[in-house]
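In our numbering, the protein residues as written are 934 to 1190.
We put the CB at the ideal spot given by N, CA and C, even for glycine.
Just so we're clear, the structure is a prediction, and the values are computed from it rather than from any experiment.
The structure appears below as structure tokens.
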Ligand code: CAA
């Protein structure tokens, strides 16, 4: 892989994916997104991995889809290449993905972070959907996920003016989970991943699926879905282990079975 670095801590069950196109501020070209799709698919199939952390570098998480790669394309080229179809794997990934964001998270970069399950940001992070400034609009979920995350008024302002917001503001609006000093953002994301990786992978997957269902359906259907997933956790050894450990007053050992 050219534009993705992968480190797996088997002891901690955590995979760290680093976007690695620093000179272009991690602009998300077709190859990078293809590599990310393949990596996520492989990690989702790897029983040793329980949580995935996705990061860039201090200056940029990602400054958007690759404008240079798209500039000369026609609408038919865009339809035929359907570049955002590679993004479907992010949403399909069953294991939790935590975005560790520093610097620019713009356009597709903001959309990529929002497609993850949680966002930990450095104080220098800047979020925005500036596509409008180059004569287009968000195309990888920005109009939908940003609006669901921060509400219509602020999302409309960001999408229609292209203005960026800083990490503090993003936290205030509920777009991100936490803001930490720049030197700590990756460690903070990994710490959050470690907390989740200690829990039952079966329950974690079902819980993630149930929370995400909120965005796909109405309340009755969502509650029904949640209830079935709750009952399904009782098919796992982790449920027996978790409940018995509570009763025995000891730390549970979850195996993902
Ligand atoms: N695509 C391609 N190349 C990009 C890029 C992008 N999205 N963002 C930055 N780069 C490249 C620059 O062209 C530059 O390359 P060269 O050195 O070869 O000229 C290099 O990265 C460094 O960028 P800058 O010199 O511009 O750095 P800066 O610090 O002055 O500015 C910035 C940083 C404000 C992020 C600025 O680069 C910028 O505005 N980038 C574009 C942001 C944008 O519009 N993103 C949306 C893209 S469209 C999209 O994402 C659609 C979608 O919904 C998926």
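Checklist entry - When the Cα atoms are used, what is the spatial distance from residue 961 to residue 1184? => result Taking the straight line from one Cα to the other gives about 42 Å.
Next on the checklist: Measuring straight from C-alpha to C-alpha, what distance separates residue 940 and residue 986?
Outcome noted: So the two alpha carbons sit approximately 10 Å from each other.
Checklist entry - Quick one: is residue 1070 buried, meaning 16 or more other Cβ sit within 10 Å of its Cβ, or exposed? => result By the C-beta density criterion, residue 1070 is exposed, having fewer than 16 other C-beta atoms within 10 angstroms.
Next on the checklist: Nearer than 8 Å: is that true of the beta carbon of residue 961 relative to any heavy atom of the ligand CAA?
Outcome noted: Here the distance from the Cβ of residue 961 to the nearest heavy atom of the ligand CAA is below 8 Å.
Checklist entry - Taking 8 Å as the cut-off, does the CB of residue 1064 come closer than this to any heavy atom belonging to the ligand CAA? => result In this structure, residue 1064 has its beta carbon less than 8 Å from a heavy atom of the ligand CAA.
Checklist entry - What residue range is occupied by the uninterrupted beta strand (DSSP E) comprising residue 994? => result For residue 994, the enclosing beta strand (DSSP E) covers residues 993-995.
Item to check | Sufficient close CB pairs (3 or more, under 8 Å) joining the region 1019-1026 to the region 967-975 | outcome: As far as the Cβ criterion goes, the region 1019-1026 touches the region 967-975, which means the pair count is three or higher.
Checklist entry - alpha helix (DSSP H) containing residue 966: first to last residue? => result Note, residue 966: alpha helix (DSSP H), 963-978.
Next on the checklist: Please tell me whether, using a cut-off of 8 Å, the distance from the CB of residue 999 to the nearest non-hydrogen atom of the ligand CAA is below it.
Outcome noted: Because some heavy atom of the ligand CAA lies under 8 Å away, the Cβ of residue 999 counts as near it: yes.
Checklist entry - Say the cut is 8 Å; is the CB of residue 1069 nearer than that to a heavy atom of the ligand CAA? => result Checking every heavy atom of the ligand CAA against the Cβ of residue 1069, one is found closer than 8 Å.
Item to check | Stretch pair the region 943-963 + the region 980-994: three plus CB contacts closer than 8 Å | outcome: Yes: the two stretches touch, three or more of their Cβ pairs being nearer than 8 Å.
Next on the checklist: Check for me: the alpha helix (DSSP H) holding residue 1025 runs from which residue to which?
Outcome noted: For residue 1025, the enclosing alpha helix (DSSP H) has its first and last residue at 1021-1025.
Item to check | Separation of residue 1030 from residue 1005, as counted between CA atoms | outcome: Distance from the CA of residue 1005 to the CA of residue 1030, rounded to the nearest whole angstrom, comes to 33 Å.
Item to check | Simplified DSSP state of residue 1054, which is helix, strand or coil | outcome: DSSP, read as helix, strand or coil, puts residue 1054 in strand.
Checklist entry - Candidates 1067, 1053, 973: which alpha carbon is nearest residue 938's? => result With distances taken between CA atoms, residue 938 lies nearest to 973 out of 1067, 1053, 973.
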